[in-house]
Ligand code: FES
């Protein structure tokens with residue numbers, strides 16, 4: 643990644659330690675994850691050690707340190723989705739793609755994550771595929787969507 | 003002409019529009035249900051037919067189960083609401099109503115007319131529908147009505163009148179008004195809002211901070227998110243009032259980074275406020291100046307805790323620290339800091355605008371005002387609700403929510419820190435004290451209804467898994483204790499539990515609750531403790547009989563085919579991923595339980611496919627060890 647991309651992100655900040663989380667969020671938005679390179683640049687910009695940055699970043703569940711797969715599949719594991727059988731959906735994804743929660747398929751085409759609540763609990767259970775939320779999802783419906791994308 | 007007058011004129015011209023007005027709810031729930039496709043279809047239908055109409059995107063009006071909602075107001079007629087609208091429906095409703103004058107009442111759910119049935123025979127008023135009738139809308143009053151991205155809509159509806167009133171008073175008098183109103187923290191603890199403020203106000207110093215807490219970590223609660231998406235200014239106005247009261251000139255909204263729409267609306271609202279002189283120096287020509295920063299959190303449940311939240315704003319790990327000193331005395335960057343929940347702040351403009359006495363007409367002694375809940379789970383009418391405190395749980399679940407389809411079992415409040423209340427508690431009033439006495443908590447507003455197909459042990463495990471994951475690891479009772487508890491519960495749901503596991507679980511739970519450093523650990527055992535108390539027999543069935551009465555614990559469940567019902571349609575055979583189901587077409591099918599992975603695909607298809615006969619069952623069998 644060129645230094646310029648980072649500088650673009652950094653230019654919106656003053657460089658206080660308090661900006662760290664916001665900077666990491668912007669980096670993840672842009673690249674999909676926090677690379678070693680990104681940590682190095684951020685450390686320089688904020689005058690913190692790389693360890694300090696990892697220490698903070700690893701605390702928050704949102705940050706990831708590996709490159710995501712192309713199609714993102716997020717199964718909601720919030721309480722409302724759980725009582726409506728969200729676990730069956732997660733198991734269906736695992737079975738179908740051969741990966742468990744938090745993993746990327748071998749061909750890097752699918753990225754399987756869990757989320758805690760997508761804010762549409764009244765439509766549970768829900769699954770988010772890329773930017774689209776699928777409400778009142780069923781195992782058979784989800785398998786169909788995944789087959790279509792395979 | 004003042005800004006408010008301009009806003010009012012704009013609002014009135016919308017109300018008395020000569021062209022049809024179409025409202026579509028495009029908050030998170032509406033969008034998830036397909037509102038953007040509906041919006042697109044509406045746009046296309048209008049342009050294809052060369053129809054003139056005003057489109058307004060609004061927030062969430064509450065009954066999320068009816069989403070997507072589309073409302074049409076024809077000139078001279080009350081607004082009519084259509085539910086579960088698909089793009090095709092939207093097209094046909096618009097063509098019928100806007101072109102042919104037929105309001106398609108068979109597709110409508112309610113109208114917003116002023117009296118009786120208005121012009122629409124047989125169609126109820128929206129707010130007279132069973133889900134809405136018992137509700138009182140104070141904090142949510144604008145949700146679903148105004149365009150959240152237009153400050154004029156807010157101003158026209160008495161927005162910032164509360165702030166203007168506050169700025170005419172001395173800060174002490176604002177605090178007194180809030181004290182008189184009896185407002186208590188809506189984040190869950192129920193601490194009187196004025197008391198925190200008073201402490202902070204009395205601390206000497208010129209730098210103080212006012213923080214709005216929208217971390218909303220309870221997985222299954224969306225009240226705060228929905229309020230900000232639907233009416234961001236009401237929360238920001240509350241923030242300004244609070245800041246003025248405590249003497250803060252800078253504030254933060256701490257909000258979960260996943261709430262993209264809410265964040266965008268907050269930022270937009272803040273920039274409009276700047277333009278209107280509601281942020282910056284000399285707000286509304288007073289001596290009061292204030293600025294706000296939107297701070298995104300990166301998803302840690304513990305950051306709902308005040309000291310952890312402060313750590314997170316400072317760019318550190320969100321670890322709670324021991325108190326005192328309390329943030330009101332030494333908080334962000336060591337300065338006096340007040341943190342109030344979104345809903346607490348959302349109540350303030352209403353209190354300052356209408357007065358404490360007005361606010362006290364809602365609720366009961368000691369528990370004045372209203373509370374929002376996200377009523378979800380096994381309930382017929384899930385959604386976002388606002389009720390007066392003191393209402394009975396039964397009324398919320400059965401009148402508003404319509405009860406559950408299967409037999410009601412329990413209601414879970416307070417999320418991972420709360421507990422489950424069984425049927426016998428349904429007549430307690432929803433008040434801070436009585437909820438705690440019953441073994442649960444008011445919490446921030448998550449309310450999850452469970453029916454006979456929800457397993458109490460599984461739900462306890464679910465929450466504990468969550469808190470164990472979220473434990474920051476600083477203190478060992480929480481880190482290690484919750485881990486052991488998860489292990490025991492996992493044994494039990496697999497049918498490998500022993501009798502002494504229950505007593506071990508009880509002791510562990512009590513220890514973790516007593517010895518943990520912060521609220522997360524201290525309350526983490528609650529879901530286990532309350533289910534052990536109210537659903538002990540269910541634990542015993544899992545342990546002694548290896549039986550899950552809800553048929554929810556996978557390991558204790560078997561799939562089977564009812565030979566009388568099965569019509570040999572072959573649908574299940576085609577969806578089974580492991581070829582566990584066999585049988586020729588038109589002949590009885592069979593499941594090989596050793597191949598079955600219990601994925602539920604066959605059950606779904608057998609129930610919902612029109613060719614299938616609802617013959618597949620899954621159940622737990624008693625086996626006494
Ligand atoms: S619990 Fe799944 S959307 Fe809220």
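Residue numbers (this note's numbering), protein chains in the order written: chain A, 643 to 792; chain B, 3 to 627.
Where a beta carbon is used, it is the ideal one built from N, C-alpha and C, also for glycine.
Beta-carbon of residue 83/B versus every beta-carbon of chain A: anything under 8 angstroms? no
Spatial neighbours of residue 178/B within its chain, please: CB distance less than 8 angstroms, with the 5 preceding and 5 following residues excluded, ordered by chain position. 196
Strictly under 8 angstroms for the Cβ-Cβ distance: is residue 561/B near chain A by that measure? no
Should the stretch 91–100 of chain B be regarded as contacting the stretch 59–67 of chain B, the criterion being three or more beta carbon pairs within less than 8 angstroms? no
Please report the straight-line C-alpha distance between residue 175/B and residue 690/A, rounded to a whole angstrom. 45 angstroms
May I ask you to list the residues that DSSP assigns as paired with residue 298/B? 257/B
Which two residues bound the contiguous beta strand (DSSP E) that contains residue 418/B? Unbroken run through residue 418/B: none, as it is neither H nor E.
Just the chain B side, please: which residues come within less than 8 angstroms of residue 793/A by C-beta, in chain order? The structure shown does not extend to residue 793/A, since chain A spans only 643 to 792, so no value can be given for it.
Classify residue 726/A as helix, strand or coil using the three-state DSSP reduction. coil
Neighbouring residues, chain A, relative to residue 224/B (Cβ below 8 angstroms): 759, 761, 762 and 763
Below 6 angstroms CB to CB, which residues in the same chain sit around residue 625/B once its five sequence neighbours on both sides are set aside? 548
So, under 8 angstroms CB-CB, residue 60/B and residue 167/B are touching, yes? Tell me the CB distance rounded to an integer number of Å. So it is not a contact: roughly 27 angstroms between Cβ atoms.
Any Cβ of chain B within less than 8 angstroms of the Cβ of residue 683/A? no
Does the beta-carbon distance from residue 243/B to residue 210/B come in below 8 angstroms? no
Nearer than 7 angstroms: is that true of the beta carbon of residue 608/B relative to any heavy atom of ligand 1? no
Roughly how many angstroms separate the alpha carbons of residue 701/A and residue 246/B, rounded to a whole number? 34 angstroms
Within the present structure, is the beta-carbon of residue 722/A separated from the nearest heavy atom of ligand 1 by less than 7 angstroms? yes
Is the beta carbon of residue 432/B sitting closer than 8 angstroms to the one on residue 402/B? no
Going by alpha carbons, who is nearest to residue 148/B out of 27/B, 321/B and 483/B? 27/B
Considering residue 514/B, what are the terminal residues of the beta strand (DSSP E) in which it resides? Element bounds for residue 514/B: not the beta strand (DSSP E) but the alpha helix (DSSP H), 501–517.
In chain A, which residues lie with their C-beta within 7 angstroms of the C-beta of residue 456/B? 725
DSSP on residue 180/B, reduced to helix/strand/coil? helix
Contact set between residue 388/B and chain A, taken where Cβ atoms lie within less than 8 angstroms: The premise fails here: residue 388/B is roughly 15 angstroms from chain A at the closest Cβ pair, so nothing lies under 8 angstroms.
Determine the direct distance from the alpha carbon of residue 709/A to that of residue 358/B, and round the result to whole angstroms. 54 angstroms
Simplified DSSP state of residue 119/B, which is helix, strand or coil: In this prediction, residue 119/B has a pLDDT of 48, which is less than 50 and means its spatial position is unreliable; nothing more can be read from the coordinates.
Around the Cβ of residue 468/B, are there at least 16 other Cβ atoms within 10 angstroms (buried) or fewer (exposed)? buried
Cβ contact check for the stretch 409–427 of chain B and the stretch 524–541 of chain B: 3 or more pairs under 8 angstroms: yes
Is residue 118/B buried or exposed, if buried means 16 or more other CB atoms sit within 10 Å of its CB? Because residue 118/B sits at a pLDDT of 48, beneath the cut-off of 50, its placement in the model cannot be relied upon, and the following sentence gives the value as read from the coordinates. Its Cβ having fewer than 16 others within 10 Å, residue 118/B is exposed.
How would you call residue 4/B, buried or exposed, if buried means at least 16 neighbouring beta carbons within 10 angstroms? exposed
Compare the C-beta of residue 138/B with all C-beta atoms of chain A and state if any pair is closer than 8 angstroms. no
Name the chain A residues that come within less than 8 angstroms of residue 450/B, Cβ to Cβ? 721, 722 and 725
For residue 660/A, would you say it is in contact with chain B, using Cβ-to-Cβ distances shorter than 8 angstroms as the test? yes
Those residues which DSSP pairs with residue 213/B across a bridge: 254/B and 341/B
Residue 622/B and residue 550/B closer than 8 angstroms at C-beta: yes
Residue 554/B and residue 616/B closer than 8 angstroms at C-beta: no
Cβ-Cβ separation, residue 753/A to residue 711/A (assumed contact under 8 angstroms), whole Å: 3 angstroms
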